[in-house]
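Peer 1:
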Amino acid sequence: MNPESLKEVLEKIQTTKIGIVGDFCLDAYWFIDESKTEISIETGKPTTPVRRQKYSLGGAGNVASNLTALGVRDVRAFGVIGNDPFGTEMIALLNSNGIDSRNVLTQENDWSTHVYIKPHIGDEEQSRIDFGNFNILSDETAERLIANLRVELHEVDLVIINQQVASGIHTPWFRQKLKEVIRQFSEKIFITDSREFTDEYSGAYRKMNDREAARLCSLHLASGESLSYTELINAAERLYDRYMKPLFITRGDRGSIVTDDKGILEIESMMITGRTDTVGAGDSYLAGVASALAAGFNPGTAGRLGNFAAGVTVQKLFQTGTASPEEVIAIGSDADYVYHPDLAEDIRQAKYHPDSEIEIITTWHKPPEIKHAIFDNDGTISTFRQGWEYIMAPMMVRAILGDRYDDAGETTLKKVRSAVDDLIDKTTGIQTLRQMLHLGELVREFGFVAEGDILDAHGYKEIYNEDLLAMVRRREAKLRRGEISTDDLSIKNAIPFLKVLYEKGIRLWLTSGTDTADVRHEAEVLGYAYLFEERIFGATGDIDAEAKKMVLDSILDSIGKDDAASIITFGDGPVEIRETHKRGGLTAGVASNELRRYGLNPSKRTRLIKAGADIVIPDFAQPEILLGLLNIR
291 MNPESLKEVL EKIQTTKIGI VGDFCLDAYW FIDESKTEIS IETGKPTTPV
341 RRQKYSLGGA GNVASNLTAL GVRDVRAFGV IGNDPFGTEM IALLNSNGID
391 SRNVLTQEND WSTHVYIKPH IGDEEQSRID FGNFNILSDE TAERLIANLR
441 VELHEVDLVI INQQVASGIH TPWFRQKLKE VIRQFSEKIF ITDSREFTDE
491 YSGAYRKMND REAARLCSLH LASGESLSYT ELINAAERLY DRYMKPLFIT
541 RGDRGSIVTD DKGILEIESM MITGRTDTVG AGDSYLAGVA SALAAGFNPG
591 TAGRLGNFAA GVTVQKLFQT GTASPEEVIA IGSDADYVYH PDLAEDIRQA
641 KYHPDSEIEI ITTWHKPPEI KHAIFDNDGT ISTFRQGWEY IMAPMMVRAI
691 LGDRYDDAGE TTLKKVRSAV DDLIDKTTGI QTLRQMLHLG ELVREFGFVA
741 EGDILDAHGY KEIYNEDLLA MVRRREAKLR RGEISTDDLS IKNAIPFLKV
791 LYEKGIRLWL TSGTDTADVR HEAEVLGYAY LFEERIFGAT GDIDAEAKKM
841 VLDSILDSIG KDDAASIITF GDGPVEIRET HKRGGLTAGV ASNELRRYGL
891 NPSKRTRLIK AGADIVIPDF AQPEILLGLL NIR
């Protein structure tokens, strides 16, 4: 979806009218401060003082707040609360979020407002306290709720059916009456997101996750196990045959699929570089889908808006976030997607060019006509900096822990290392300065270092570069002394392959996230700088100037976007692959083992395929086959 189309969708959803009938809940956060604990005179036990309390909408309420956050101006809630203080808070939150609460009914007896209280002592959540587990919806309340829905249905464009809890409004009697409403208003779109009663609401669209789809198809998954792509497609086809209405299945970090009468559409997930928190992402996805459907857009467009909305909220840590139109435009206008996640994570599915180690991801429908070849430097050609991550990772851990580095507990240390490893994995290939910007964000997030002691990106980069360049200079000295050769500091056959391309008239470009002066120096030391002439680009110290994007845009400006297919990029990092793919160029992922300097690195293969690589090579050991595949004669 291009930026103009996305803006059109967001503009049109503003005038839609959406009803949501379901289990409206409250999430309560009680922050306990034991410094004021005292012994109760009545019980002789210590009290639990609450310093601060915070409430937010949950269940159907969170879906409703996601709708208004996206810009839907008319959202109508249909639910039940108890005659209690939490019910009062629920109505206040609905109203403050611009949600019409006229049809949220109060049941006097046998009903408590659904509340999930999460006490916190410091950063640790205590045992949850639940209200509403023993609710019994009366027939009278159910009848009023259904009657109100019938009245409002003449005005709304779409109804979301939410079922969140076992003790909610979806009693057998209520479900029967709601099914009658769906049949009566068959021209309306109803979309169901139900934990337990998905099969019941005939005539409704459905949104579910892949585990729910597996359960509905009697496929048993172990904890942490997910459906394979083939299993998922089979499940989607079976469920569509069962319901005969559009079906949306979310897959977490693997995106979603949409099934309707036109077939199955796979919608790629967003590549998120920073830390993520998936709480509430499903509600954001549902809100995006429902609002686009209500505005008259097709299921594919609806699924894409849902993905964008979820992509925004997963970046909001430790909260059930929502997505605004501005945030959706920001993430969707220059979206980074994850491609072929199932293939990327399962090498058994790999298919190779005959008699080669070249893995084919995308089949080119016509022979390439290559005029420009862009090469990443580190890990694609040079191994001067092999092991950089083993310098960066401990440096980042020290920066995050600060004075706590020596005495941090095992659990804390594990969390910090995991966050650092995730950051390095996601940012390999971008300029070092931006990696250090993300480091600063992690330092603040963990909170071990006082704000005044946190460095800026340049400060952290200086610390990292000092250790890294010391390693590089030692290797350079060994090269000068003849103790090692250029073959020991480059990926197998990379430099001869560059020379062949140069001799065949291919215009070569060298890019890196490393500083330009260092890239040029190392290319000169290894003897291939002349092949690129003046076309060597690296980081400039400007955090907003990404060298790889600049090179691609510069080439496209000179040759025209219609000629993008004359560009091929070779790289071992996702950035250069992703940016070339987005612009229509061809991509060769170099999944190099930098330690051995030949052979496949499976982790790189995974990253490169997800970034959009058309082919994946382990090295340049088969130049003739590679040149033939690229149609370079």
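For the sequence shown, the working numbering begins at 291 and goes up steadily by one. Glycine included, each C-beta is placed from N, C-alpha and C at the ideal position.
I need the boundaries of the beta strand (DSSP E) containing D420, first residue and last residue.
Peer 2: I419 to F421
Peer 1: Could you work out which residue in A903, D429 and K297 is closest to H630 when comparing CA atoms only?
Peer 2: For H630, the closest C-alpha among the options A903, D429 and K297 is that of A903.
Peer 1: Cα separation between R473 and G493?
Peer 2: 7 Å
Peer 1: Can you check DSSP and say which residues form a bridge with K497?
Peer 2: F538
Peer 1: Figure out for me which residue from T333, T358 and I331 has the closest Cα to the Cα of V304.
Peer 2: Note that residue 304 is Gln in the sequence shown here, rather than Val. Ranking the options by Cα distance to Q304, first place goes to T358.
Peer 1: Between which two residues does the alpha helix (DSSP H) harbouring Q721 extend?
Peer 2: Per DSSP, Q721 belongs to no alpha helix (DSSP H) and is neither H nor E.
Peer 1: Please state whether the Cβ-Cβ distance between L435 and I481 is less than 8 Å.
Peer 2: Result no, Cβ atoms of L435 and I481 do not sit closer than 8 Å.
Peer 1: What is the residue span of the alpha helix (DSSP H) that Q466 lies within?
Peer 2: Element bounds for Q466: P462 to Q474.
Peer 1: Candidates S614, N438, G349 and M561: which alpha carbon is nearest D953's?
Peer 2: Residue 953 lies beyond the range of the chain shown here (291 to 923); nothing can be said about it.
Peer 1: Pairing CB atoms from the segment 361-371 with CB atoms from the segment 430-446, are three or more of them under 8 Å?
Peer 2: The segment 361-371, when compared against the segment 430-446, does touch it at the 8 Å Cβ threshold.
Peer 1: Beta strand (DSSP E) containing Y406: first to last residue?
Peer 2: H404 to I411
Peer 1: Have a look at the DSSP bridge pairing and note the partners of E415.
Peer 2: H410
Peer 1: For the segment 719-737 against the segment 679-690, do three or more pairs of beta-carbon atoms, one drawn from each stretch, fall closer than 8 Å, so that the two count as touching?
Peer 2: yes
Peer 1: Count the CB pairs spanning the segment 349-358 and the segment 462-473 that are closer than 8 Å, and state whether there are at least three.
Peer 2: no
Peer 1: Within 10 angstroms of the Cβ of R342, are there 16 or more other Cβ atoms? Answer buried if so, exposed if not.
Peer 2: Around the beta carbon of R342, a 10 Å sphere encloses fewer than 16 other beta carbons of the protein chains shown; the residue is thus reported as exposed.
Peer 1: At what residue ranges does the segment 776-851 contain a whole run of the alpha helix (DSSP H), taking only runs of 4 or more?
Peer 2: 784-793, 806-816 and 837-849
Peer 1: For R923 and A634, I'd like the C-alpha separation in whole angstroms.
Peer 2: 31 Å
Peer 1: Would you tell me roughly how many angstroms separate the C-alpha atoms of K839 and T830, rounded to the nearest one?
Peer 2: 13 Å
Peer 1: Would you mind stating whether R675 and L758 have Cβ atoms separated by less than 8 Å?
Peer 2: yes
Peer 1: Would you list the residues sitting across from P336 in a DSSP beta bridge?
Peer 2: I329
Peer 1: Please report the distance separating the alpha-carbon of V790 from that of G879.
Peer 2: For V790 and G879, the distance between alpha carbons rounds to 19 Å.
Peer 1: So, are the CB atoms of L347 and T403 less than 8 Å apart?
Peer 2: Here L347 is not near T403, since their CB atoms are 8 Å or more apart.
Peer 1: P644 and L360 - do their beta-carbons sit closer together than 8 Å?
Peer 2: no
Peer 1: Which of helix, strand or coil does DSSP assign to L506?
Peer 2: helix
Peer 1: Just how far apart, CA to CA, sit A613 and V602?
Peer 2: Going from the Cα of A613 to the Cα of V602 covers about 6 Å.
Peer 1: What span of residues does the beta strand (DSSP E) with H662 cover, start to end?
Peer 2: H662 to D666
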